[in-house]
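S.K.: Just so we're aligned, residue -18 is where the sequence shown starts under the numbering used here, counting upward by one.
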Amino acid sequence: MWPDRRLLDLFKIDVPIVQAPMAGVQDVDVMIGAAEGGALGSLPCAMISAEKAREQVQIFRQRVSAPLNMNFFCHTPVEPDAAREAGWRKRLTSYFEELGLDPNMSVNAANRAPFDAQMCELVEELKPEVVSFHFGLPEKALLQRVKAAGAVVLGSATIVKEAIWLEQNGADVIIAQGAEAGGHRGMFLTENIAAQPGTMSLVPQVVDAVRVPVIAAGGIADGRGIAAAFALGAAGVQIGTAYLRTPESKASALGKAALAAASDDATVITNVMTGRPARGVANRLMREVGPVSADAPPFPHAATALAPLKTAAEKLGRTDFTNLWAGQSVALGREIGAADLTRTLAAEAQEMLRRLAG
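#1: Buried or exposed: P(-16), going by 16 or more other Cβ atoms within 10 Å of its Cβ?
#2: Mind reading off the beta-carbon distance from G298 to L235? Whole number of angstroms is fine, and I expect it under 8 Å.
#3: Using 8 Å as the threshold, is the C-beta distance between L49 and L24 below it?
#4: Verify whether the separation of the beta carbon atoms of A15 and G5 is less than 8 Å.
#5: Against chain C, does F116 count as a neighbour if the rule is that its beta carbon must be under 8 Å from one of theirs?
#6: Name the one or two DSSP bridge partners that S113 has.
#7: Which same chain residues, not among the five before or five after W146, have their C-beta less than 7 Å away from its C-beta?
#8: Within the segment 233 to 265, note down every full beta strand (DSSP E) run reaching 3 residues or more, in order along the chain.
#9: May I ask you to report which of helix, strand or coil DSSP gives P178?
#10: Taking the alpha carbon of N264 as the reference point, which residue from V253, S46, R257 has its own alpha carbon closest?
#11: At 3 residues or longer, what runs of the beta strand (DSSP E) sit wholly inside the segment 40 to 86?
#12: Identify every residue that forms a DSSP beta bridge with S23.
#13: Thinking C-alpha only, which one of A197, A312, F211 is nearest R335?
#14: Can you give me the C-alpha to C-alpha distance between A242 and A312, rounded to a whole angstrom?
#15: Apart from the five residues just before and just after P258, which ones in its own chain have a Cβ nearer than 6 Å to its Cβ?
#16: For Q186, which residues does DSSP report across the bridge?
#17: With a 10 Å radius around its C-beta and 16 neighbouring C-beta atoms as the bar for buried, classify G164 as buried or exposed.
#18: Could you pull the DSSP bridge partners for A197 from this structure?
#19: Would you say V270 and A239 are within 8 Å of each other, going by their C-beta atoms?
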C-alpha cells in the first residue's frame, strides 16, 4: 500500500516511520513501542554515556526483534568562554535572586558530546542497523568505520545545500528537517535561522537535488502529514513530537501538561536554552530574554547556568526555564501507547493515500 518502499526495504521495517530521537525525554521504552508498531525506533545518544547506550540497546534487543537507530551529534566542541559565561550569569541574575539562588553558585557543565572514537567503538560492537547524525557527519575515518560495521547512515539537512553535502560525503538517506520540526535545528552549513524553509518547501527541493531516499521531518503528527510527505516525494517520515505524550515518554508530568495545553502557535525557535537554535514550547525565559539572544553562550554552554533555575522552578510547578522541545504540530499529540500510536499513524496514512488515489 505504500507508494515508495525504499525505506521499508532498506531498514527492514513494516511502516515508513522513523521515531525521532529525543534526548532527555525518551529512552528505550519509546523505541520499543515504535518498533512494535512497525517503525524504526531511535536512541538519542548525545547526552548519555557509552555504558548507558549499551544498556539501552541490550534491553531493546531482548524485548523486540527489530532494527534500531542510534543517533549522535556531530558539532565541533567549543571551549567555555569565561567572559561569555559571566555575562550570561549576569543576564540571568534576577531569576536566580527571585528563586533564592546564588547567581555565582557552582554548576556542572552541560553535557552534549559529539560522536567520537569511543562511541564509534560502541557502534562497531553493537552493530545497529541504522546510525543517524545531527549537525553534519563525523570525520571520514569514523564514518567509514560506521559503514563498515554495516549501518545505514542518515544525516539531517535543513537546506538543500546541506542535503547535497550529506549525499556527497556518505549519507545513505537524507532527513529533510523543515522549520516546523521540534528540537535542535540540524544546521551545519548555515547560521541563518530566519531563512530556514518549511517542510512543504524543503522536501520536494531536496528530493530533486539528491539521488538517495529522503525522509520528511517537521510538523508531521498524523496520517494526513504522512500522506502529504509521500506526495512531496519523500520515501518516509520522521516523527517525534507526537510521541511526547505517550506513557512511554520520559517527559515529566509537568512537561506533558504543558504539551497538552499547547496550541498551534505555542512553539518558537530559540537559542537561549542551549546556545543553538531549537524549536520548543515558549517559556518565560524565551519570552523575556529571547527567543534569540546574542547573550547566550555557544552550544551547549548556555544550558549550564539554566540547570539550577530549571530545577527550582519545576519544584514550584513552573516550566519557566524548562526546554520543552516540540514541533508546530504539538497540538496533534495523543495520549496513547507508542505502539498503538505508530499503528494508528500508519493506518491513517494508508486510508488517506487510498482516498487520494481515488
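C-beta atoms are modelled at their ideal positions from N, C-alpha and C, and glycine is treated no differently.
M.R.: On the basis of the coordinates in this document:
#1: exposed
#2: 7 Å
#3: yes
#4: no
#5: Protein chains in the displayed structure number just one, and chain C is not present.
#6: N52, L135
#7: L170
#8: 248 to 251, 259 to 262
#9: coil
#10: V253
#11: 49 to 54
#12: N50
#13: F211
#14: 8 Å
#15: R166, I174, I250, N252
#16: In the DSSP output, where bridge partners are listed per residue, Q186 has none listed.
#17: buried
#18: A157, V218
#19: no
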